[in-house]
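In the numbering used here, the protein residues as written are 4 to 399.
Structure below.
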């Protein structure tokens, strides 16, 4: 009974906060404006081929100017991975990206990717290697200083904390410019789960009847299939991180869909970094740790009964399909579409769901121009689904 009452208190608070903090107009929540609006979505950028490759980073100001020049765009979403798996995890780099994002003319909402925290332990990212002789980690050292090149020698938990300090210093506030206010999971108290207050990166907001929610789900294997530093088994710290974050993510999805139900929302957009159906050359077992999230998405989308759009990065190559419906058509790279993603997480058949993998990691930099037209019922096609239509835009 106590747990249920605490959840009810959190939901009530969220309802009271969202109209003031998560929309530009308080009347947007469940009522009010129904004008079309447009977002720019991108991710897996800027990437480099080595720790010293800054070519994409150097191209980002022109890319941001390209987005700023589009008068339709009112907000920006970054789906995670602010550097490649061949670049180091440092406080200086995180600050440099945060500084770049301040030049966006519109608000930017960001969900962390695996490369900036969950994979920082890897040697290619400047982490280290498990030494079986000592049972310790041998960090990658800067030859000039003899010090570890990565923040906290690549420890993923410490690097996630660094990401939070760099990009989420104030709960409920976005990056870039503008006035968009969001509701953070850190702002919704849950006495049964006080640890949820740490997940400041999980946010939601409502715009013209569409609820947007970000969920911290990193690519790869949800941070719990590949032992850190190449150790023989996953450490307790790693297991705890994945278990606690996944549980918080599930509660955040519960909150988002509960709000969608009581608030008269007509569609939901979910953003995660992980492409949870991408096995990346491995077996389906490699993505099994995403199953709780996938199951939650399927359950909530079915109960909601209205269009639910999932925006992800991670696998880098543009794709548009419904991985929760067996045999659904796929638009994108032929080789990518040839793989039946439905087999990664079988036993679902959810018609009112759609996924877009945002293209990333390559030049010229690309963004997705996503327009939401409240009340529209577009056919599910290569560039449309329910109230959503989109096109791919490259830097000119």
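Note that beta-carbon positions come from the ideal geometry of N, C-alpha and C, so glycine has one too.
Determine the contact status of residue i and residue j, defining contact as a CB-CB distance below 9 Å.
i           : j           : result
residue 91  : residue 129 : yes
residue 82  : residue 316 : yes
residue 154 : residue 93  : yes
residue 179 : residue 237 : no
residue 368 : residue 244 : no
residue 334 : residue 259 : no
residue 37  : residue 378 : yes
residue 240 : residue 160 : yes
residue 48  : residue 84  : yes
residue 76  : residue 372 : yes
residue 189 : residue 174 : yes
residue 59  : residue 397 : no
residue 391 : residue 211 : no
residue 296 : residue 352 : no
residue 273 : residue 321 : no
residue 1   : residue 375 : Residue 1 is absent from the model: the chain starts at 4 and stops at 399.
residue 112 : residue 209 : no
residue 110 : residue 181 : yes
residue 357 : residue 323 : yes
residue 219 : residue 276 : yes
Report the three-state DSSP secondary structure of residue i (helix, strand or coil).
i           : result
residue 157 : helix
residue 12  : Any reading at residue 12 is ruled out, since the residue's pLDDT is 46, under 50, leaving its predicted position unreliable.
residue 352 : strand
residue 382 : strand
residue 210 : strand
residue 41  : strand
residue 205 : coil
residue 27  : Confidence at residue 27 is low in this model, with a pLDDT of 39, below 50, so its placement is unreliable and the value that follows should be read with caution. Looking at residue 27 - three-state DSSP - the assignment turns out to be coil, as it is neither helix nor strand.
residue 397 : strand
residue 224 : coil
residue 186 : strand
residue 165 : helix
residue 199 : helix
residue 127 : helix
residue 305 : helix
residue 347 : helix
residue 179 : strand
residue 144 : strand
residue 4   : Summary for residue 4: the model assigns pLDDT 38, below 50, so the residue's position carries little reliability; its value from the coordinates is reported in the next sentence. Three-state result, residue 4: coil.
residue 215 : strand
residue 121 : coil
residue 312 : strand
residue 111 : strand
residue 392 : strand
Go to residue i, then tell me how far its beta strand (DSSP E) extends in each direction, as first and last residue.
i           : result
residue 356 : 356-360
residue 371 : 369-375
residue 95  : Premise fails: residue 95 lies in the alpha helix (DSSP H), 94-104, not in any beta strand (DSSP E).
residue 132 : 131-134
residue 389 : 387-389
residue 81  : 76-81
residue 152 : Segment: none, residue 152 is in no beta strand (DSSP E) and carries neither H nor E.
residue 336 : From DSSP, residue 336 is part of no beta strand (DSSP E); its letter is neither H nor E.
residue 322 : 322-324
Under DSSP, the alpha helix (DSSP H) around residue i begins and ends at which residues?
i           : result
residue 171 : Per DSSP, residue 171 belongs to no alpha helix (DSSP H) and is neither H nor E.
residue 69  : 58-71
Is residue i close to the ligand ATP? I mean its beta-carbon at under 8 Å from any heavy atom of the ligand.
i           : result
residue 234 : Among the components modelled here there is no ligand, and therefore nothing to report on the ligand ATP.
What are the complete alpha helix (DSSP H) segments, minimum 4 residues, inside the region 233-297?
Runs of the alpha helix (DSSP H) inside the region 233-297: 239-265.
Count the C-beta pairs between the region 60-70 and the region 260-267 that are closer than 8 Å, then say yes if the count reaches three, no if not.
Not touching, per the Cβ criterion.
Decide yes or no for the touch test of the region 287-306 against the region 219-231: beta carbon pairs closer than 8 Å, at least 3 of them.
Touching, yes.
Is the region 195-211 close to the region 94-107, with three or more CB pairs under 8 Å?
With the cut-off at 8 Å, the region 195-211 and the region 94-107 do not touch.
For the region 113-123 and the region 137-152, state whether three or more C-beta atom pairs, one from each stretch, are separated by less than 8 Å.
No contact exists between the region 113-123 and the region 137-152.
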